[in-house]
Each structure stands twice: as structure tokens, then as C-alpha cells.
Amino acid sequence: MPGAARPRVRKALLIADLDFDQRRDWLKSLPLPSMRRPESYGQIVELA
Numbered sequence: 000m001p002g003a004a005r006p007r008v009r010k011a012l013l014i015a016d017l018d019f020d021q022r023r024d025w026l027k028s029l030p031l032p033s034m035r036r037p038e039s040y041g042q043i044v045e046l047a
């Protein structure tokens, strides 16, 4: 394919400092995972 860019594939190492206290505080203030209602998903899919 003329002019097609070759995909860039490089190995990388990701280092992250995780703050679990901050995650806990975020989940307290915005409890989205606990508000999930999987039983209502069927109705949403039927509308699509």
C-alpha cells in the first residue's frame, strides 16, 4: 500500500504509584460500581 505508515510497535515498561486511599475516597464520593443494576440492561438493549 503506497504511502501507508508502518505501525509502531515498541516494548515499554510502565511504572505507576498507586494510591489506594485516594481510590477508596473516590469510590465513597462516587459509588458508581455499587449503583449498577444489571437486571435493567435488557430493557436498554431492547431500545437500541
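Counting from 0, one number per residue, gives the positions in the sequence shown under numbering that gives the first Met the number 0. We put the beta carbon where it would ideally sit given N, CA and C, even for glycine.
Helix, strand or coil at residue i [DSSP, three-state]
i, result
"residue 16", "coil"
"residue 29", "coil"
"residue 6", "coil"
"residue 35", "coil"
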